[in-house]
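**Student:**
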Amino acid sequence: MNNFPKVKKPIIALLHLNSLPGDPFYNGWSMKEIVAQAAKDLDALQKGGVDAILFTNEFSIPYRNVADHMTTAAMGRIIGELRRDIGVSYGVGLLQDPINIIDLAVAVDADFVREQLTGAFVGEGGIFQTNIAETLRRRQALGAMDLKMFYFLFNEADSYLNDRDYKTVVRSMIFKCKRDGICVPGLHAGDVTDTQFLADMKAAAAGDTDIYCNTGCTRENIRQKLDASDGAFVGTTFKVDGKFSNFIDPVRVKNFMDEVKEYRNTL
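Here the numbering used here runs 216 ahead of the position in the sequence shown, where the first position is 1.
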């Protein structure tokens, strides 16, 4: 049974794991230190009242199309060690590997994944091509049909090798892909998603799937973003001074979630 939250307009907090061994920006921390920091961030997010948590290798930039074995092994260890302390629904993001993310999710008993699962893109990392047919077959082969799947609408900062408008892309994803939600991003982590664009994608979905604001939510704009969506993935604003490179600030988490709770009371 999947434990994804049933609340209105859920807030899924991102727990950005520290850079991992083998990553280009790896800072030399031992795995024990990385686990300890993740535990602190987990505690801060849960005490702040978030609805769910996504563990992600955000600092593995630039991302590989097939994740290093070390990356998946490290994430498995971290989540495994923290498992007994996780009190909310949780998922994984393995940037940017749309196949092995299923294996990782199954191994750590995750409730959901968030990933770029469809489309082909070009950017600083070259050409990135997904294979949703293989991803869904891997999910089926591992018996993970309860695993919820949240799809990026497009790959942040890259150009979509596609001449269709995004409303058409949304409808196509709804028809072809077993999706539980589509995540609408800005250009990069922390970049504010355009509210009108978000609302347009929600209108295109026409209630057939949930639309999530994927980047740039703050305490100041969260009501506006939730008005235009069905929920949000939130990361950068929860960090000290709202800076991407910092760790979680429990006060910022609580203040943000207090704002969300007040907003929900108006629904």
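Glycine included, each C-beta is placed from N, C-alpha and C at the ideal position.
DSSP puts Gly-307 in a beta bridge; with which residues?
**Tutor:** Answer is Leu-270 and Phe-328, bridged to Gly-307.
**Student:** State whether the segment 340-353 contacts the segment 234-248, with contact taken as three or more CB pairs (one from each stretch) at a distance under 8 Å.
**Tutor:** No: fewer than three Cβ pairs fall under 8 Å.
**Student:** Classify Pro-278: buried if its beta carbon has 16 or more other beta carbons within 10 angstroms, exposed otherwise.
**Tutor:** Exposed is the call here.
**Student:** Kindly indicate which three-state DSSP category Tyr-382 falls into: helix, strand or coil?
**Tutor:** Helix.
**Student:** Runs of 3 residues minimum, wholly inside the segment 346-370: which ones carry the beta strand (DSSP E) assignment?
**Tutor:** Correct list: 364-368.
**Student:** As a quick exercise: from Phe-220, Ala-229, Ala-405 and Tyr-367, pick the residue whose alpha carbon is nearest that of Phe-454.
**Tutor:** Nearest of Phe-220, Ala-229, Ala-405 and Tyr-367 to Phe-454, Cα basis: Ala-229.
**Student:** Looking at Thr-288 and the ligand SAM, is the gap between the Cβ and the nearest heavy atom below 7 Å?
**Tutor:** This structure simply doesn't include the ligand SAM, nor any ligand for that matter.
**Student:** Does the count of Cβ pairs from the segment 402-415 and the segment 349-363 closer than 8 Å reach three?
**Tutor:** Taking 8 Å as the limit for Cβ pairs, the verdict is that the segment 349-363 does not touch the segment 402-415.
**Student:** Measure the Cβ-Cβ separation of Val-304 and Leu-320 and say whether it is below 8 Å.
**Tutor:** No, they are not a contact pair.
**Student:** Below 8 Å, can you find three or more Cβ-Cβ pairs linking the segment 472-479 to the segment 245-252?
**Tutor:** The segment 472-479 vs the segment 245-252: no contact.
**Student:** Could you pull out every residue in the same chain whose Cβ sits closer than 6 Å to the Cβ of Asp-284, ignoring the five residues on either side in sequence?
**Tutor:** Once the five neighbours on either side are set aside, the close Cβ partners of Asp-284 are Gly-238.
**Student:** Whole angstroms are fine: how far does the CA of Ile-227 sit from the CA of Gly-397?
**Tutor:** Distance between the alpha carbons of Gly-397 and Ile-227 is about 13 Å.
**Student:** By the DSSP assignment, the beta strand (DSSP E) with Ile-464 in it spans what residues?
**Tutor:** Unbroken run through Ile-464: none, as it is neither H nor E.
**Student:** Enumerate in chain order the residues of its own chain whose CB-to-CB distance from Ile-295 is below 6 Å, with the five nearest sequence positions on each side excluded.
**Tutor:** Same-chain partners within the cutoff: Phe-271 and Val-324.
**Student:** Within a Cβ cutoff of 6 Å, which residues of the same chain sit near Met-417, ignoring the five residues on either side of it in sequence?
**Tutor:** Taken in chain order, the residues that qualify are Val-386, Val-400 and Ile-427.
**Student:** Considering only their Cβ atoms, is the gap separating Met-291 from Leu-233 smaller than 8 Å?
**Tutor:** Yes, the Cβ-Cβ distance between Leu-233 and Met-291 is below 8 Å.
**Student:** Could you check where the beta strand (DSSP E) with Leu-231 kicks off and where it finishes?
**Tutor:** Where Leu-231 is concerned, the enclosing beta strand (DSSP E) stretches over 227-232.
**Student:** Just verifying my parser: in three-state terms, what is the DSSP assignment at Ile-343?
**Tutor:** Strand.
**Student:** Quick check on the DSSP output: what are the complete beta strand (DSSP E) runs of length 3 or more inside the segment 426-454, in order along the chain?
**Tutor:** Listed in chain order, the complete beta strand (DSSP E) runs (minimum 3 residues) inside the segment 426-454 are 426-429 and 447-450.
**Student:** When the distance is taken between beta carbons, is Met-389 closer than 8 Å to Thr-334?
**Tutor:** Cβ distance < 8 Å, so Thr-334 and Met-389 count as in contact.
**Student:** What are the boundary residues of the alpha helix (DSSP H) that Ile-317 is part of?
**Tutor:** From DSSP, the alpha helix (DSSP H) with Ile-317 extends over 316-323.
**Student:** Taking Leu-258 and Ile-302 to be in contact with their CB atoms under 8 Å, please state how far apart those CB atoms are, rounded to whole angstroms.
**Tutor:** That belief holds up - the Cβ atoms of Leu-258 and Ile-302 are roughly 7 Å apart, short of 8 Å.
**Student:** Between Val-223 and the rest of its own chain, which residues show a CB-CB distance below 6 Å, the 5 nearest in sequence each way excluded?
**Tutor:** Excluding sequence neighbours, Val-223 sits near Asp-267.
**Student:** Closest to Gln-332 by C-alpha separation, out of Ile-317, Val-322, Tyr-479 and Ala-326, would be which residue?
**Tutor:** Among Ile-317, Val-322, Tyr-479 and Ala-326, the Cα nearest to that of Gln-332 belongs to Ile-317.
**Student:** Per DSSP, what kind of secondary structure is Phe-391 in: helix, strand or coil?
**Tutor:** Phe-391: helix per DSSP, three-state reduction.
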